[in-house]
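Letter by letter, the sequence shown follows residues 32 to 146 in the numbering used here. A short write-up of the structure that comes next.
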Amino acid sequence: MPSLWADSLKNTNSTMDKLIVNYDDAMTEYPTGCVLSVKSTTMDAVIPGEDYLIVTKEYEAIRRIQTSDNDGYFMAYSTNTKKHPDGRLIHEPFPVPWAAVVGLYKITGLAVRSV
32 MPSLWADSLK
42 NTNSTMDKLI
52 VNYDDAMTEY
62 PTGCVLSVKS
72 TTMDAVIPGE
82 DYLIVTKEYE
92 AIRRIQTSDN
102 DGYFMAYSTN
112 TKKHPDGRLI
122 HEPFPVPWAA
132 VVGLYKITGL
142 AVRSV
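As structure tokens, this is what we get:
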């Protein structure tokens, strides 16, 4: 029996290009170990406030993209509000230069194993 997810990858109008496993706890809505569907996108198609897999040569991160006051940059935000004992966020927002982005994928769905 074919997989529905695998079949949707063959469809050019699909809402996803690939599946990834989340190994981070920065985004509370995506539990560690869940499977995320992602769709490749361009910088021009980014909607501030939406969640993306951001890929640079140095790292990959799932974050909520927001605008930045600095030209040529955007801000990458976590939804995890846990803090260090000194009060600082464990997953602080950070600026990302658009020029450093080598891949950008919109999060389009998730699957969580229930036991």
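The beta-carbon is built from N, C-alpha and C at its ideal position, and this holds for glycine as well. All of these numbers come straight from a predicted model, not from anything done at the bench.
Output needed for residue i: all residues of its chain with C-beta closer than 7 Å, excluding positions within five of it in sequence on either side, in chain order.
i: GLY134; result: VAL86
Considering Cα atoms alone, identify which of the options is closest to residue i.
i: ASN111; options: VAL52, ALA57, VAL143, ILE96; result: ALA57
i: ASP75; options: LYS114, SER145, THR46, TYR136; result: TYR136
i: VAL69; options: THR63, ILE78, ASP82; result: ASP82
i: TYR90; options: VAL132, ARG119, MET47; result: VAL132
Check whether the Cβ of residue i lies closer than 9 Å to any Cβ atom in chain D.
i: PRO126; result: This model lacks chain D altogether; it includes just one protein chain.
So, helix, strand or coil for residue i, using DSSP?
i: ASP82; result: strand
i: ALA142; result: strand
i: ALA76; result: helix
By Cβ distance below 6 Å, which residues in the same chain neighbour residue i in space, the five residues on each side in sequence not counted?
i: CYS65; result: ASN53, LEU141, VAL143
Evaluate the contact criterion for the stretch 123 to 131 versus the stretch 101 to 113: three or more CB pairs, one atom per stretch, below 8 Å. yes
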